[in-house]
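J.:
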Amino acid sequence: MTPKQLQYFAQIAAEGSYAAAARVLFVAQPSLSQQIAKLEEELGVPLFVRKPRGVVLTESGEKLLEHAHAILRHIESAKADVSSTPDNPRGTVVLGLTQAVCNLLPLYLMDMMATRFPQVTLDITVGLTTNLEQWLADGSIDLAVFASDDSQAPGTDQRPLIEEHLYFVTAKAAESLPLQQRQGQPVLPFAELADYELILPSSTRDGLGRLVEQVEHSTGVQLQKRPGVGQLMTNLSFVLAGECDCLLPWPAIHHLVESGAVTAVPVVDPVPTRVIALHLSPDKPLTSAAQKTVELISEATALAQQEGKWRGDLLR
40 MTPKQLQYFA QIAAEGSYAA AARVLFVAQP SLSQQIAKLE EELGVPLFVR KPRGVVLTES
100 GEKLLEHAHA ILRHIESAKA DVSSTPDNPR GTVVLGLTQA VCNLLPLYLM DMMATRFPQV
160 TLDITVGLTT NLEQWLADGS IDLAVFASDD SQAPGTDQRP LIEEHLYFVT AKAAESLPLQ
220 QRQGQPVLPF AELADYELIL PSSTRDGLGR LVEQVEHSTG VQLQKRPGVG QLMTNLSFVL
280 AGECDCLLPW PAIHHLVESG AVTAVPVVDP VPTRVIALHL SPDKPLTSAA QKTVELISEA
340 TALAQQEGKW RGDLLR
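Residue numbers (the working numbering): 40 to 355.
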């Protein structure tokens, strides 16, 4: 199995056709077919099924495609890293973020990267905590940022960034809420949330849902829950329409609060908190580009916290 064969295989899978892949790769179609035939012979399984209009992957082909993408990316990453210098890193860094973190962190991180390390490309992908952990484990991503409290992979290298608080988010006016004052700031006790229908993610699939469930158990307060749909902005659409309310960290709602679209009040008694951390695979060495990204993520988090965009306690 050679990198060239994997490149040809991945391109055919992407195009759904030998002829189309040959045009993209600037190779003769017979040569392309010959390389794939050798690959199938070595593996002992067919990788494509021919259809009237092109080809589709077999089950074995689907499995190989995952490995092919990772291997080809590692090769490109190695080439870029070898040509990097400490002051001029090169290459692509694949960064995994949860939806809430992705709503804020890239606003700072992308500008920092473009200004200081223009030869580094950030490829940002979004997923649930369970997705990010799996992608870290199989090498699909280089780094990830999610709540360390949610981690099911104890071997992951965790670097705490910030301890964030949860806010009650509603389209209602603040004057209509049973607010209390703590140190001159309006707050809402957790027990008062029982009077509102909250759209929340499942505790089996999302760390935020698990955190809320833990607070319910510790306080004995049972909340009225509407199942979330898995997408942050879709859930917020229900809140904006006045159909329900929700609990979210500040990065998920900072733009809506600033525009006056929602009211956000910190929850107390107790204060639900979670630690957001940068996660790295302990088995995968960091390239120069990834090391610089680690530094910038910490810096971007600190700047966002200082500017009030990411409310919580900075951790060092």
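Beta carbons are placed, not taken as given, at the ideal position from N, Cα and C, and that holds for glycine.
Per DSSP, Tyr206 is paired with what?
T.: DSSP, once it has assigned bridges, lists Leu287 and Pro305 as partnering Tyr206.
J.: With a 10 Å radius around its C-beta and 16 neighbouring C-beta atoms as the bar for buried, classify Lys331 as buried or exposed.
T.: Lys331 comes out buried.
J.: Mind checking which residues open and close the alpha helix (DSSP H) that includes Ala328?
T.: Residues Ser327 to Gln345.
J.: DSSP three-state call for Asp162: helix, strand or coil?
T.: The answer is strand: DSSP assigns Asp162 an E or B state.
J.: CB of Glu203 to nearest heavy atom of the ligand ADP: below 7 Å?
T.: For the ligand ADP, the structure offers nothing, since it holds no ligand at all.
J.: Helix or strand or just coil, what does DSSP make of Arg244?
T.: DSSP places Arg244 in coil when its eight states are reduced to three.
J.: Would you mind giving the Cβ-Cβ distance between Gln46 and Leu111, rounded to the nearest angstrom? I have them listed as a contact below 8 Å.
T.: That belief holds up - the Cβ atoms of Gln46 and Leu111 are roughly 6 Å apart, short of 8 Å.
J.: Tell me where the beta strand (DSSP E) around Glu236 begins and ends.
T.: Start and end: Glu236 to Leu239.
J.: With three or more beta-carbon pairs closer than 8 Å as the criterion, would you say the stretch 206-213 touches the stretch 253-261?
T.: Verdict: no, contact absent.
J.: Hey, Leu134 and Leu200: beta-carbon distance below 8 Å or not?
T.: No.
J.: Cβ of Arg313 within 8 Å of Cβ of Gly267?
T.: For Arg313 and Gly267, no; Cβs fall outside 8 Å.
J.: Assuming Val63 is part of the alpha helix (DSSP H), what are its boundary residues?
T.: Taken as a continuous stretch (DSSP letters only), the alpha helix (DSSP H) holding Val63 covers Tyr57 to Leu64.
J.: Compute the Euclidean distance between the alpha carbons of Pro129 and Val306, then round it to the nearest angstrom.
T.: Sequence inspection shows Arg at residue 129; the Pro mentioned does not correspond to that position. Approximately 44 Å between the Cα atoms of the pair.
J.: What does the Cβ neighbour count give for Gly351, buried or exposed, with the cut at 16 atoms within 10 Å?
T.: Classification for Gly351: buried.
J.: In whole angstroms, what separates the C-alpha of Ser99 from that of Val84?
T.: Distance between the alpha carbons of Ser99 and Val84: 7 Å.
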